[in-house]
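Following: one structure in structure tokens, then a few remarks.
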Amino acid sequence: MPVYEGGGQVADEGWAAAVSEQHGRVRIARPQHYRGRLTWQRSARHRLVCWSGDEEGVRRDPQDVRRDPRGTFSLFVALRGRARVEQGGRRVDLTGGTMVLCPSDRATAFWHGADFAALALIVPEVSILGRWSPVGRPTTALDRSAGIGRVAFELLRTVWDERATLTEREFDTVCERAVDLLCLAATGTRDAGSSHADAVAVSVRHFVEEHADDPALDGPAVAAALGWSQRYVQSVLRGAGTTPTALIREVRLERARARLEQSATTPIARIAAECGYASPGAFSTAFRRRFGVRPGDVRRPSRTPGR
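Numbered according to our numbering, the sequence shown terminates at residue 1034, and the numbering increases by one at each position without gaps.
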């Protein structure tokens, strides 16, 4: 199945590169004889990473973000040991009862102590912002000890334990359900009207993610397929901070970027077609406008598929 799992990475000269491949360009301060391990499962849309090791400090500075923008959100949850995340003047201590959801393209300082282990779920930012649109995209602490937060945490832990048995479609499906739960936990209590609008927005997003490879997909097609008026779908997505056209474009581009990162050999024109673009030129223009680089610039060495 086209889901990849990377083996143990010993923290030598390649450690920062291994971490950067998962989380974006970072700089790491660590003891000379540091040892750590990264294991991950990924699809074209989601990554679930297990990170363990000795004490270290990790920084993602503004220049790192500019050089390697990711367009993702990351959920960090400690499984063992102590850690903290600092973003935008806010500090969140990761304990047995707390996890944190944060945008990847923001200056970040991350520290963890010795004998540390954590899970990180990395998803396209469009998956978060279509369900939950907070002002300023804040770094958000979530309670993993009870309620919806605990359900989300237990789901992710189960996905990790069962990763070798999941197809790519199954892996994506359960990760999407985890994102639903995380955004529900972040949103808190909403009135009935807002809750219905949220549910419609989620349904629209799921439909777009399932059919983004269809070049004919547009706002009217989405509304007709789901049985709502085009005006209502536009209104719901406007409340979520997007539009049908922008949502379709974002899903396609995020999917294309993930596939480019996974393979150094698949022709760009083929990836463009698989992601719903009728022409490589239109794809290249949209990609560069979104990410600031050409499609070929984000290529990474392909990994050996594993189960």
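Where is the CB? At the ideal position from N, CA and C, for every residue including glycine. As the structure is a computational prediction, the values presented were derived from the model and not from experiment.
Problem - Backbone CA spacing between Arg986 and Gly816 [nearest angstrom] - result: Start at 1 with the first residue of the sequence shown, and residue 986 comes out as number 259. Start at 1 with the first residue of the sequence shown, and residue 816 comes out as number 89. Each residue's Cα considered, the two are about 34 angstroms apart.
Problem - Terminal residues of the alpha helix (DSSP H) in which Thr914 lies - result: Along the sequence shown, read from residue 1 onward, the residue named residue 914 stands at position 187. Note, Thr914: alpha helix (DSSP H), Glu895 to Thr914.
Problem - Coil, strand or helix - His773 by DSSP - result: On the sequence shown, position 46 is the one that residue 773 refers to. Correct three-state label for His773: coil.
Handout entry: Same chain only: Cβ atoms within 6 angstroms of Ser854, ignoring 5 sequence neighbours per side
Key = On the sequence shown, residue 854 is found 127 positions in, with the first residue counted as 1. Excluding sequence neighbours, Ser854 sits near Val906.
Exercise for the section: Flag this pair as yes or no: are the beta carbons of Gln749 and Trp767 separated by less than 8 angstroms? Expected result: Counting from 1 along the sequence shown, the entry for residue 749 is found at position 22. Counting from 1 along the sequence shown, the entry for residue 767 is found at position 40. Their beta carbons are under 8 angstroms apart, which means Gln749 touches Trp767 by this criterion.
Exercise for the section: Please report the residue range of the alpha helix (DSSP H) in which Leu980 lies. Expected result: Translated into positions along the sequence shown, residue 980 becomes position 253. Leu980: member of the alpha helix (DSSP H) spanning Pro971 to Gln989, first to last residue.
Exercise for the section: Tell me whether the beta-carbon of Ser801 lies closer than 8 angstroms to the beta-carbon of Cys829. Expected result: Residue mapping note: residue 801 aligns to position 74 of the sequence shown, counting from 1. Residue mapping note: residue 829 aligns to position 102 of the sequence shown, counting from 1. Yes. Within cutoff.
Handout entry: Alpha-carbon to alpha-carbon, Glu988 and Phe1018
Key = Position 291 of the sequence shown holds residue 1018. Position 261 of the sequence shown holds residue 988. Taken atom to atom, the span from the alpha-carbon of Phe1018 to that of Glu988 is near 13 angstroms.
Practice task
Using the Cα positions of Ile804 and Pro1007, report the straight-line distance between them to the nearest angstrom.
Solution key: In the sequence shown, residue 804 corresponds to position 77, counting from 1. In the sequence shown, residue 1007 corresponds to position 280, counting from 1. Strictly speaking, residue 804 in this sequence is Val, with Ile absent from that position. Here the alpha carbon of Val804 sits roughly 39 angstroms from the alpha carbon of Pro1007.
Handout entry: Residues near Leu953 in its chain [Cβ-Cβ closer than 7 angstroms; skip 5 each side]
Key = Translated into positions along the sequence shown, residue 953 becomes position 226. The beta carbon of Leu953 lies closer than 7 angstroms to those of Ser930, Val931 and Phe934 in the same chain, with the five residues before and after it left out.
Handout entry: Beta-carbon proximity check, Asp899 vs Ser990, cutoff 8 angstroms
Key = Along the sequence shown, one-based indexing puts residue 899 at 172. Along the sequence shown, one-based indexing puts residue 990 at 263. Contact annotation: Asp899 and Ser990 have beta-carbon atoms that are not nearer than 8 angstroms.
Practice task
Could you pull out every unbroken alpha helix (DSSP H) segment of at least 4 residues lying fully inside the region 787-859, listed in chain order?
Solution key: Fully contained in the region 787-859 are the following alpha helix (DSSP H) runs of length 4 or more, in chain order: 789-794 and 852-856.
Problem - Own chain partners of Gly857 with C-beta closer than 7 angstroms, once the 5 adjacent residues on each side are dropped - result: Looking up residue 857 in the sequence shown gives position 130. Setting aside the 5 residues that flank it on each side, Gly857 is surrounded in the same chain by Ala928, Arg932, Ala967, Thr969 and Leu974, each with a C-beta closer than 7 angstroms to its C-beta; the list follows chain order.
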